[in-house]
Ligand code: ATP
Ligand code: MG
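In full-length UniProt numbering, the protein residues as written are 28 to 790.
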């Protein structure tokens with residue numbers, strides 16, 4: 028096809044162009060990373076607008092993050108040559124759902140100014156409900172219930188629809204009833220949680236066909252990016268709006284793992300589609316094809332990485348069933364990465380079985396090989412990467428074009444500390460910086476009160492965390508006392524417990540708090556500050572609070588707390604540590620124009636950078652042991668997709684790192700390089716040495732058993748470098764001391780969870 032036509036179309040390849048120009052009927056673009064799926068979506072909007080097919084307010088366009096929505100709007104402006112006025116329906120599922128809900132709030136027994144609750148509010152509310160029902164919060168933690176409710180909402184289930192078997196999972200069958208009373212409470216408080224933003228839409232659409240029709244008519248075009256990661260609720264919502272002719276109730280999650288675990292044998296794609304227990308679509312009546320919305324979804328089954336949060340990769344596999352007559356377009360040319368990077372990424376993902384299989388090619392140069400660098404421990408890893416970044420900077424690379432992608436958020440801490448030391452600007456994407464995370468701030472607040480009893484802000488933050496029955500009234504009383512007598516809150520507390528101004532229960536709790544802090548302060552004189560921190564977290568009940576928490580991010584928070592304690596080792600005492608923290612916190616986050624990006628692999632979806640660092644490729648960390656334990660082979664495949672996402676973010680350089688030793692739950696453990704390293708093709712990978720200065724800087728291979736069968740390393744593996752490393756360590760490099768005779772040979776077994784996801788609205 029000749030490339031005549033509007034300017035924004037020039038440069039597109041024929042398949043991309045087809046995806047842009049096929050405006051009528053359902054279209055699925057199923058294509059690998061970097062093939063221009065997002066670009067196609069953006070261009071499609073430009074095309075719709077410039078062809079006068081619809082006005083901006085008639086286009087529903089769903090992105091995975093708010094950032095991606097802003098980016099799309101910006102690109103759109105560039106393509107059309109003028110800023111686009113009003114694209115009110117361009118955003119995440121949650122932001123669009125929230126907008127619709129505000130218009131019809133009264134149908135959900137809300138007012139249009141309803142508040143959107145965050146997780147903490149949600150848990151607080153559930154705790155009250157548990158109390159009212161006299162359910163033991165220790166045995167049945169509110170956070171667990173929050174997680175269950177969230178899961179139900181992700182699957183589009185109203186309280187009455189929760190399968191009784193699942194309702195039984197909480198408080199002897201009270202789960203469903205609690206979910207119902209929680210929903211009632213939300214209405215009274217004029218509040219909605221994140222799940223409601225879509226769920227209430229779905230309910231309103233179902234109960235009020237006239238309203239649904241209004242939206243169906245309004246949205247002339249629907250576009251969805253990252254379709255492989257939509258969950259059931261999002262899917263239902265889209266189905267309703269797209270006026271698809273048939274509607275089949277979705278499978279519940281849980282069958283995914285068993286199905287793909289069993290999935291040996293022939294063509295995975297056929298099997299995946301057929302195994303899905305969806306009835307075949309109803310035959311279409313005359314004219315229905317015409318009424319089916321112009322919906323265009325783009326996605327890549329190899330980048331489905333949110334299964335743990337209810338995403339259903341089947342949604343993409345089923346598109347042709349759901350939208351009969353859909354045009355499926357495949358894009359095969361990758362415009363992002365150089366040859367070696369693309370080959371490495373494709374080779375890695377080829378080890379997965381449950382995939383549709385796609386061709387990806389680049390016409391770009393071979394470029395530099397993917398590097399794999401071993402370092403002694405995570406500190407050396409951070410130092411090495413820091414030096415590498417400084418070198419890239421000297422070569423003229425922009426910091427904006429450098430990203431570090433980690434598997435677990437606690438890994439960020441070491442990099443952040445390193446960057447602060449180096450004065451290297453950085454920003455954390457998709458989540459708060461390490462020291463700004465809620466659990467870290469809580470822990471720091473405890474330490475600050477020990478260090479300075481006059482630190483009122485810190486005291487107020489944790490006096491009732493974990494919950495001790497010290498509510499607002501108590502805090503108010505303390506404030507009154509403190510103000511009147513011009514003393515810190517802590518001293519006010521000490522005084523108040525001697526009076527009878529508080530109810531006996533609150534008085535008892537407050538007295539305990541004061542006594543605990545007195546004890547910790549005394550201990551401070553005789554205990555190492557790292558030990559003291561651990562004692563404080565344990566004795567205060569703070570660690571336990573998160574251990575009991577069953578929400579998806581609890582494990583990540585516990586890891587962060589461990590990492591905090593570990594980070595204190597580098598300082599002589601508590602005072603020194605807290606001073607360092609105040610310096611780190613003082614840095615204006617993200618304000619710099621040019622800064623290194625630090626984020627989890629999960630948050631990196633859809634993004635691209637010239638230079639990508641991928642640290643921590645070790646068994647247990649990546650792939651995450653917890654995912655393997657919980658989800659078996661399906662989990663391994665999701666981890667591998669995550670690796671694939673990581674590698675395919677890189678345009679010119681991908682640099683993988685692993686450390687031979689990592690501190691796990693406070694103890695040093697020997698780690699085994701990730702099995703994913705075994706799965707990289709030798710021809711596209713180069714082994715390099717850490718710039719971080721090494722205790723074992725040899726060139727003779729890495730000595731881990733894994734490397735025996737490693738494709739990339741088979742030829743280089745010769746001397747057991749690992750044994751040398753061990754010898755160095757046993758000679759007593761001071762930092763590995765600490766009371767352990769030798770160290771564990773076992774693989775890393777700590778769990779890791781992605782504790783920061785995409786910014787669902789303001790998730
Ligand atoms: P991902 O799966 O990672 O989200 P994607 O398929 O959405 O990737 P895009 O981000 O749209 O891919 O495109 C990847 C890069 O390739 C972008 O920098 C984009 O501008 C560029 N690109 C896409 N198509 C073309 C083209 N026809 N000519 C030149 N560059 C292109
Ligand atoms: Mg994309």
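Yeah, the Cβ is synthetic: ideal placement off N, Cα and C, and Gly gets one too.
Near ligand 1: residue i beta-carbon under 7 angstroms from a heavy atom
i           : result
residue 635 : yes
residue 330 : yes
residue 388 : no
residue 38  : yes
residue 362 : yes
residue 327 : yes
residue 61  : yes
residue 24  : It is not possible to answer for residue 24, since the shown part of the chain is limited to 28 through 790.
residue 105 : no
residue 43  : yes
residue 694 : no
residue 365 : no
residue 90  : no
residue 119 : no
residue 58  : yes
residue 257 : no
residue 49  : no
residue 627 : no
residue 715 : no
residue 654 : no
Residue i versus residue j - alpha carbon distance
i           : j           : result
residue 191 : residue 402 : 51 angstroms
residue 322 : residue 63  : 18 angstroms
residue 159 : residue 88  : 43 angstroms
residue 404 : residue 700 : 12 angstroms
residue 8   : residue 100 : Here the chain covers residues 28 to 790 and nothing more, so residue 8 does not appear.
residue 320 : residue 351 : 12 angstroms
residue 392 : residue 371 : 14 angstroms
residue 505 : residue 519 : 6 angstroms
residue 539 : residue 533 : 10 angstroms
residue 112 : residue 416 : 40 angstroms
residue 651 : residue 557 : 27 angstroms
residue 561 : residue 684 : 30 angstroms
residue 67  : residue 48  : 10 angstroms
residue 136 : residue 620 : 45 angstroms
residue 669 : residue 330 : 7 angstroms
residue 425 : residue 598 : 32 angstroms
residue 514 : residue 521 : 11 angstroms
residue 672 : residue 265 : 25 angstroms
residue 65  : residue 490 : 48 angstroms
Check: residue i C-beta below 7 angstroms from any heavy atom of ligand 2
i           : result
residue 252 : yes
residue 64  : yes
Assigned secondary structure, residue i (DSSP; H/G/I helix, E/B strand, else coil)
i           : result
residue 649 : coil
residue 403 : strand
residue 667 : helix
residue 86  : strand
residue 563 : helix
residue 166 : coil
residue 354 : strand
residue 636 : strand
residue 332 : coil
residue 498 : coil
residue 688 : strand
residue 695 : strand
residue 800 : Residue 800 lies beyond the stretch modelled for the chain, which goes from 28 to 790, so this question has no answer here.
residue 470 : helix
residue 682 : strand
residue 675 : coil
residue 326 : strand
Nearest-angstrom Cβ-Cβ length linking residue i and residue j, presumed shorter than 8 angstroms
i           : j           : result
residue 336 : residue 579 : 6 angstroms
residue 395 : residue 367 : 6 angstroms
Near ligand 3: residue i beta-carbon under 7 angstroms from a heavy atom
i           : result
residue 459 : As far as ligands go, the structure on display features ligand 1 and ligand 2 and does not contain ligand 3.
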